[in-house]
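The structure under discussion appears below in the form of structure tokens.
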Amino acid sequence: MQAQAQPQAASRRMSPAQRTRRPGIAEASWLHTREASTCVPPPPRSGAGTMWFIRDGCGITCAVITWFLVLYAEFVVVGLAFLALASHAKAMCTDPGAVPKGNATKEFIESLQLKPGQVVYKCPKCCSIKPDRAHHCSVCKRCIKKMDHHCPWVNNCVGENNQKYFVLFTMYIALISFHALLMAAFHFVFCFEEDWKKCSSFSPPATVVLLILLCFEGLLFLIFTAVMFGTQVHSICSDETGIEQLKKEERRWAKRSKWTWMNMKVVFGHPFSIAWLSPFASPDHGKADLYQYIV
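In this text, residue positions in the sequence shown follow the numbering used here: the first is 4, and each later residue adds one.
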């Protein structure tokens, strides 16, 4: 009697929730055992360094787009800077069209086989026969064919042989400056909307000062190089150098038919191709009618 009373007393001490939970636990355990018996065992892992890759079409497409955008941004930032530096180096180290110094000798003039009454001009500063549309540069101390101006930024004259590289240099610097302005604006908006500590490793005042300096530098060089690029293109299209425009020299050279496109070919090469944008491609004049300097 006493042994039978103990289970009944234990049963009475259990709460209703405990009495209803026990069958549920037993049933869940039975279902888990039944479902596990139908599962296929996973393949053995070859090691911790096994590559993980999900074969999902949408995910793969988004991943490819991400790589493309990152590489494109890298090209814009690094590629434009590389092209700008290459254009600057070519404009600085290329002979702009210097006339041979000291060639105003009697033997050289006789070798020109001048016609009766034809006049040649001698430069008294470098003692050379001065071709038509050539000017003497006091910095280079040489007469330069089709000289536009002497640019201290490239430490060289801009003339017949290196005008293409100077135009590319101004164009790429203008593009880099414009890109820097856009990135500075986006960064400022991001920092303004988010926590300043998350968008920069500098303090908020230092970040604002750096962004302002970057915007000032980008805007300054954008305006300067864009104006230079525009004036150079206009000079090429009008077939009139900067010195000729400044001195208002009388046009003694023949004006071309379809002058705009032909003058572009004279500077950048013939025919039109992607090589016009490359500082590594020397202008291939091809069938373009080059300037015949009259002496």
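Glycine is no exception: its CB is placed at the ideal position from the N, C-alpha and C atoms.
Note that the structure is a prediction, hence the values are computed from the model and not measured.
Buried versus exposed call for Pro282 [16 or more other C-beta atoms within 10 Å across all chains shown]: Mapped onto the sequence shown, residue 282 falls at position 279. Pro282 is buried by the Cβ-count criterion.
Buried or exposed (CB count within 10 angstroms, at least 16 for buried), Met150: As a working note, residue 150 is residue 147 in the sequence shown. Met150 comes out buried.
Straight-line gap, Ser260 to His153 (C-alpha atoms, nearest Å): By 1-based counting over the sequence shown, the position of residue 260 is 257. By 1-based counting over the sequence shown, the position of residue 153 is 150. At Ser260, the pLDDT of 47 sits below 50, so the modelled position is not reliable; the number obtained from the coordinates is stated separately. Going by the C-alpha atoms only, they are around 29 Å apart.
Counterpart residues of Ile179 in DSSP-defined beta bridges: To locate residue 179, count along the sequence shown from 1; it is residue 176. None, per the DSSP bridge assignment.
Same chain only: Cβ atoms within 6 Å of Ala278, ignoring 5 sequence neighbours per side: Here residue 278 is taken as the residue at index 275 of the sequence shown, counted from 1. Cβ within range, chain order: Ala284.
Terminal residues of the beta strand (DSSP E) in which Ser131 lies: As a working note, residue 131 is residue 128 in the sequence shown. Per DSSP, the unbroken beta strand (DSSP E) holding Ser131 starts and ends at Ser131 to Lys133.
As assigned by DSSP and simplified to three states, the class of Asn159: What you label residue 159 is simply residue 156 of the sequence shown in a count that begins at 1. In the three-state scheme derived from DSSP, where H, G and I count as helix and E and B as strand, Asn159 is classed as strand.
With 16 other Cβ atoms within 10 Å as the buried cut-off, status of Gly303: Residue 303 lies beyond the stretch modelled for the chain, which goes from 4 to 298, so this question has no answer here.
Given Leu225 as reference, the closest of Trp264, Leu213, Leu184 and Gln248 once Cα atoms are compared: Counting from 1 along the sequence shown, the entry for residue 225 is found at position 222. With distances taken between CA atoms, Leu225 lies nearest to Leu184 out of Trp264, Leu213, Leu184 and Gln248.
Ala137 (DSSP reduced to helix, strand or coil): Residue 137 sits at position 134 when you count from the first residue of the sequence shown. Correct three-state label for Ala137: strand.
Whether Ile176 touches Thr210 by CB criterion (9 Å): Here residue 176 corresponds to residue number 173 of the sequence shown, with the count starting at 1. Here residue 210 corresponds to residue number 207 of the sequence shown, with the count starting at 1. No. Outside cutoff.
Cβ-Cβ distance between Asn158 and Met95 below 9 Å: Locating residue 158 in the sequence shown gives position 155, counting from the first residue. Locating residue 95 in the sequence shown gives position 92, counting from the first residue. Yes.
Contacts around Ala87, its chain only, beta-carbon distance under 7 Å, and the 5 residues preceding and following it disregarded: Along the sequence shown, one-based indexing puts residue 87 at 84. Only Phe172, Tyr175, Ile176 and Ile179 meet the Cβ criterion.
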